[in-house]
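Novice:
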Amino acid sequence: MNRSASNDTPISACDLLVVGAGPAGLAAATQAASQGIDTVLIDEQPAPGGQIYRAVNATPLRDRRILGEDYWHGLALLEPFARSGARHVAGAMVWAMNRLEEEGGFEVAYTADGQTRLLHTRHVILATGAQERPFPIPGWTLPGVITAGAAQILLKTAGVVPSGPTVLAGGGPLLYLLAWQYLNAGVRIDAILETTPPGRWRQALPHAWGFLRSAYLAKGLKLLRAVRAGVPIVSGVTAIEALGEEGALQQVRYSAQGRSHTVPAEQLLLHQGVVPNSNLSRAIGAEHAWSERQDCWEPVVDAWGASSVSGVTIAGDGAGIAGAMAAEHRGRLAALHAAMSLGKIDKARRDDEVRPHQRALARASRGREFFETLYRAPDTFRRPTGDTIVCRCEEVTAAQVRETARLGCQGPNQMKSFLRCGMGPCQGRFCGLTVTELIADEQGRHPRDVGYYRIRFPIKPVTLGEFATLPQTDASRDAVIRIRK
24 MNRSASNDTP
34 ISACDLLVVG
44 AGPAGLAAAT
54 QAASQGIDTV
64 LIDEQPAPGG
74 QIYRAVNATP
84 LRDRRILGED
94 YWHGLALLEP
104 FARSGARHVA
114 GAMVWAMNRL
124 EEEGGFEVAY
134 TADGQTRLLH
144 TRHVILATGA
154 QERPFPIPGW
164 TLPGVITAGA
174 AQILLKTAGV
184 VPSGPTVLAG
194 GGPLLYLLAW
204 QYLNAGVRID
214 AILETTPPGR
224 WRQALPHAWG
234 FLRSAYLAKG
244 LKLLRAVRAG
254 VPIVSGVTAI
264 EALGEEGALQ
274 QVRYSAQGRS
284 HTVPAEQLLL
294 HQGVVPNSNL
304 SRAIGAEHAW
314 SERQDCWEPV
324 VDAWGASSVS
334 GVTIAGDGAG
344 IAGAMAAEHR
354 GRLAALHAAM
364 SLGKIDKARR
374 DDEVRPHQRA
384 LARASRGREF
394 FETLYRAPDT
404 FRRPTGDTIV
414 CRCEEVTAAQ
424 VRETARLGCQ
434 GPNQMKSFLR
444 CGMGPCQGRF
454 CGLTVTELIA
464 DEQGRHPRDV
474 GYYRIRFPIK
484 PVTLGEFATL
494 PQTDASRDAV
504 IRIRK
């Protein structure tokens, strides 16, 4: 049976640590534990499921039709995980990893309930999932403006939905999925501002055959028909601005077909796709490369998810966006590779057991090229201008970043010294891609040549109180005594 760990009985060691309890992490932990591997799964949320299956066993929404059957598929992952024997540490944040050169493996620091613990592990699978791409528009820091993913969290975990004039803006499957779920819940949506450029379907057409043979076709057509029947959709939107006074969103101004329009709004939900959540993989030193198809950085991994750092495997959308079903199968591949690396199975057994998962992964990935081309975020929204806030933590504008780039700033790390962008609590999650692209845009360079922030531990804010709970050693006590003397 699955065992939940508590701070009263902290875990000090394991063979395999899985970070993240979304579809990839759940599948990886279950598969690994079934191979006889001492497995620990650590996740920040109080219950497993990740973003796509968030609160699947605790959501207040009892009507399955609201969120759709794809959401409830998450229950099929929870039961095998609960029986697997893997240990689950919920509500815990991994904030540092250190390679143990002499002993081998890694020392991992995580906090839970205000306490910091150290865990020694021989192998790590990162299943940190995706995050929404930054969507910096004028006024996006106003109360009432949030991402579609954040709105979906409120819906799944608390059944909270908008009550006033509501506008959705951007592009991509998640935007329309949220609109469909809102309609199922009886929510009125005043408009969808579609930013996908007209004619983009022509670029996606060469990939249509894979899409036509995929499971996406029937589901997508059903969803689009329902949304188009229930929501006014404005196509070809080229500019969006959130307007408000006294700290609240009041209107949304947008441009389409060469004309400007203003509509009342109390909620504006933004979305222009998702990108890998890579801060942890960057901090441990894994190699990353720029994806031309998705305009973002991705960890460099092989077919098993193995990264450039020995002993670290990356599974699911954290290794490259491919969707929930693909993430599940990539988690199983990563677990089988870890089992071989740990000596639990040999190569022949790994290659034999992996075949059905490889076939399932191929089916789940079919049609992705069509979506990626069709909904590729437009340059105008990825590369803002003027006084639009780029770094929310330090309130740095696009104009400031562009001006600093024109002065000769060569990359995001140097930009930190000039403007402090990327030095706030989010450590660049909200601004990193935008800063890279703005420097590239101003200097006529490719984003891959500009680079990204150098991410250091701790990758998320840790309080002094949490630091103080780190286990003490004789060496650390002696060091403090010497300093006092």
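Read in order, the letters of the sequence shown are residues 24 to 508 in our numbering.
Here a beta-carbon is modelled for each residue, glycine too, at the ideal position from N, C-alpha and C.
Tell me whether the beta-carbon of residue 327 lies closer than 7 Å to the beta-carbon of residue 356.
Specialist: Within the sequence shown, the letter at position 304 stands for residue 327. Within the sequence shown, the letter at position 333 stands for residue 356. Closer than 7 Å, so yes.
Novice: Below 8 Å on the Cβ atoms is my contact criterion, and I expect residue 412 with residue 450 to pass it. Report the Cβ-Cβ distance as a whole number of Å.
Specialist: One-based indexing of the sequence shown puts residue 412 at position 389. One-based indexing of the sequence shown puts residue 450 at position 427. Not really, about 17 Å apart at Cβ, beyond 8 Å.
Novice: Would you kindly work out how many angstroms separate the C-alpha atoms of residue 384 and residue 352, rounded to a whole number?
Specialist: By one-based count along the sequence shown, residue 384 stands at place 361. By one-based count along the sequence shown, residue 352 stands at place 329. C-alpha separation (whole angstroms): 6 Å.
Novice: Taking three-plus beta-carbon pairs below 8 Å as touching, is the stretch 165-175 in contact with the stretch 257-271?
Specialist: Output reads yes: the stretch 257-271 touches the stretch 165-175.
Novice: With residue 321 as the anchor, note down where its beta strand (DSSP E) starts and where it stops.
Specialist: Within the sequence shown, residue 321 is the residue found at index 298, counting from 1. Its beta strand (DSSP E) spans residues 319-322.
Novice: If we ignore side chains and look at the alpha-carbon of each, how far apart do residue 251 and residue 53 end up?
Specialist: Numbered from its first residue, the sequence shown carries residue 251 at position 228. Numbered from its first residue, the sequence shown carries residue 53 at position 30. When rounded, the distance between both Cα atoms is 40 Å.
Novice: Please report the residue range of the beta strand (DSSP E) in which residue 193 lies.
Specialist: In the sequence shown, the residue the question calls residue 193 occupies position 170. Taken as a continuous stretch (DSSP letters only), the beta strand (DSSP E) holding residue 193 covers 189-194.
Novice: Is it the case that the Cβ atoms of residue 332 and residue 275 are separated by a distance below 7 Å?
Specialist: Within the sequence shown, residue 332 is the residue found at index 309, counting from 1. Within the sequence shown, residue 275 is the residue found at index 252, counting from 1. Their beta carbons are not under 7 Å apart, which means residue 332 does not touch residue 275 by this criterion.
Novice: Compute the distance between the beta-carbons of residue 339 and residue 47, then report whether it is under 7 Å.
Specialist: By 1-based counting over the sequence shown, the position of residue 339 is 316. By 1-based counting over the sequence shown, the position of residue 47 is 24. The answer is yes: Cβ separation under 7 Å.
Novice: So what does DSSP say about residue 174, is it helix, strand or coil?
Specialist: As a position in the sequence shown, residue 174 is number 151, starting the count at 1. In the structure shown, residue 174 sits in a helix (DSSP, three-state: H, G or I).
Novice: At what residue ranges does the stretch 405-493 contain a whole run of the alpha helix (DSSP H), taking only runs of 4 or more?
Specialist: Within the stretch 405-493, the complete alpha helix (DSSP H) runs of at least 4 residues are 421-429, 435-442, 455-466, 470-473, 487-491.
Novice: I need the DSSP call for residue 140, collapsed to helix, strand or coil.
Specialist: Along the sequence shown, read from residue 1 onward, the residue named residue 140 stands at position 117. Strand.
Novice: Restricting to Cα atoms, I'd like to know which of 297, 135, 321 is closest to residue 474.
Specialist: The residue you call residue 474 lines up with position 451 of the sequence shown. Checked all of 297, 135, 321; the closest Cα to residue 474 is 321.
Novice: Beta-carbon within less than 8 Å of residue 279's beta-carbon, same chain only, minus the 5 sequence neighbours each way: which residues are those?
Specialist: As a first step, residue 279 is located in the sequence shown; it is residue number 256 there, counting from the start. Excluding residues within five positions, the ones whose Cβ falls inside 8 Å are 216, 257, 258, 259, 260, 261.
Novice: Pull up the CB-CB distance for residue 456 and residue 319, whole angstroms please, since I reckon it's below 8 Å.
Specialist: Residue 456 sits at position 433 when you count from the first residue of the sequence shown. Residue 319 sits at position 296 when you count from the first residue of the sequence shown. Between residue 319 and residue 456 the Cβ distance is about 6 Å, and since that is below 8 Å, they are a contact.
Novice: Please check the pair residue 347 and residue 75, which I expect to be a contact at CB under 8 Å, by giving their CB distance rounded to whole angstroms.
Specialist: Residue mapping note: residue 347 aligns to position 324 of the sequence shown, counting from 1. Residue mapping note: residue 75 aligns to position 52 of the sequence shown, counting from 1. Contact flag correct, Cβ pair sits at about 4 Å.
Novice: Step through the CB atoms of chain B and report whether any lies within less than 7 Å of the CB of residue 117.
Specialist: This model lacks chain B altogether; it includes just one protein chain.
Novice: Check the C-beta distance from residue 297 over to residue 181 and give it rounded, since I have them as a contact under 8 Å.
Specialist: Here residue 297 corresponds to residue number 274 of the sequence shown, with the count starting at 1. Here residue 181 corresponds to residue number 158 of the sequence shown, with the count starting at 1. Wrong, their Cβ atoms sit about 22 Å apart, outside the cutoff.
Novice: Report yes or no: do three or more beta-carbon pairs, one from the stretch 232-247 and one from the stretch 192-201, lie closer than 8 Å?
Specialist: Short answer: they touch.
Novice: Where do the ends of the alpha helix (DSSP H) carrying residue 107 lie?
Specialist: As a first step, residue 107 must be located in the sequence shown, where it is residue number 84. Taken as a continuous stretch (DSSP letters only), the alpha helix (DSSP H) holding residue 107 covers 98-107.
Novice: Mind reading off the beta-carbon distance from residue 131 to residue 123? Whole number of angstroms is fine, and I expect it under 8 Å.
Specialist: Residue mapping note: residue 131 aligns to position 108 of the sequence shown, counting from 1. Residue mapping note: residue 123 aligns to position 100 of the sequence shown, counting from 1. At roughly 10 Å, the Cβ-Cβ gap does not stay under 8 Å, so residue 131 and residue 123 are not in contact.
Novice: Output the distance between the C-alpha atoms of residue 484 and residue 106, rounded to the nearest integer angstrom.
Specialist: Against the sequence shown, residue 484 aligns to sequence position 461. Against the sequence shown, residue 106 aligns to sequence position 83. Between residue 484 and residue 106, the C-alpha separation is close to 34 Å.
Novice: DSSP three-state label for residue 299, please.
Specialist: The residue you call residue 299 lines up with position 276 of the sequence shown. Strand.
Novice: What's the C-alpha gap between residue 497 and residue 70?
Specialist: If you number the sequence shown from 1, residue 497 lands on position 474. If you number the sequence shown from 1, residue 70 lands on position 47. Distance between the alpha carbons of residue 497 and residue 70: 37 Å.
Novice: Taking the CB atoms as reference points, tell me whether residue 363 and residue 373 lie closer together than 7 Å.
Specialist: Start at 1 with the first residue of the sequence shown, and residue 363 comes out as number 340. Start at 1 with the first residue of the sequence shown, and residue 373 comes out as number 350. Result yes, Cβ atoms of residue 363 and residue 373 sit closer than 7 Å.
Novice: List the whole-angstrom C-beta distance separating residue 424 from residue 445, where the pair is believed to meet the contact cut-off of C-beta under 8 Å.
Specialist: On the sequence shown, position 401 is the one that residue 424 refers to. On the sequence shown, position 422 is the one that residue 445 refers to. Contact doesn't hold; Cβ gap of about 11 Å is too wide.
Novice: From residue 439 to residue 42, what does the alpha carbon distance come to, in whole angstroms?
Specialist: Here the question's residue 439 lines up with position 416 in the sequence shown. Here the question's residue 42 lines up with position 19 in the sequence shown. Distance between the alpha carbons of residue 439 and residue 42: 29 Å.
Novice: Closer than 8 Å by C-beta to residue 443: which residues in its own chain qualify, once you throw out the five before and the five after it? Chain order, please.
Specialist: Taking the sequence shown and counting its residues from 1, one reaches residue 443 at position 420. Closer than 8 Å at the Cβ level, and outside the excluded window around residue 443, lie 414, 417, 419.
Novice: State the start and end residues of the unbroken alpha helix (DSSP H) segment that holds residue 395.
Specialist: As a working note, residue 395 is residue 372 in the sequence shown. Element bounds for residue 395: 391-397.
Novice: Is residue 264 closer than 7 Å to residue 401 when the C-beta atoms are compared?
Specialist: The residue given as residue 401 occupies position 378 in the sequence shown. The residue given as residue 264 occupies position 241 in the sequence shown. Taking 7 Å as the Cβ cut-off, residue 401 and residue 264 do not qualify as a contacting pair.
Novice: Check whether the stretch 106-122 and the stretch 59-66 touch, using three or more Cβ-Cβ pairs below 8 Å as the test.
Specialist: As far as the Cβ criterion goes, the stretch 106-122 touches the stretch 59-66, which means the pair count is three or higher.
Novice: Shortest alpha-carbon distance to residue 150 belongs to which of 358, 175, 81?
Specialist: In the sequence shown, residue 150 corresponds to position 127, counting from 1. Taking only the C-alpha atoms, the option nearest residue 150 is 358.
Novice: Helix or strand or just coil, what does DSSP make of residue 169?
Specialist: In the sequence shown, counting from the first residue as 1, residue 169 sits at position 146. It is a strand residue.
Novice: Comparing alpha-carbon positions, which option in 283, 36, 137, 345 lies nearest residue 392?
Specialist: For the purposes of this step, residue 392 is taken as the residue at position 369 of the sequence shown. Closest by alpha carbon: 345.
Novice: What's the C-alpha gap between residue 370 and residue 361?
Specialist: The count along the sequence shown starts at 1 and reaches residue 370 at position 347. The count along the sequence shown starts at 1 and reaches residue 361 at position 338. Rounded to the nearest angstrom, the two C-alpha atoms are 11 Å apart.
Novice: CB-CB under 7 Å to residue 387, same chain, minus the five flanking residues each way: which ones, in chain order?
Specialist: What you label residue 387 is simply residue 364 of the sequence shown in a count that begins at 1. Closer than 7 Å at the Cβ level, and outside the excluded window around residue 387, lie 346, 348, 349, 352.
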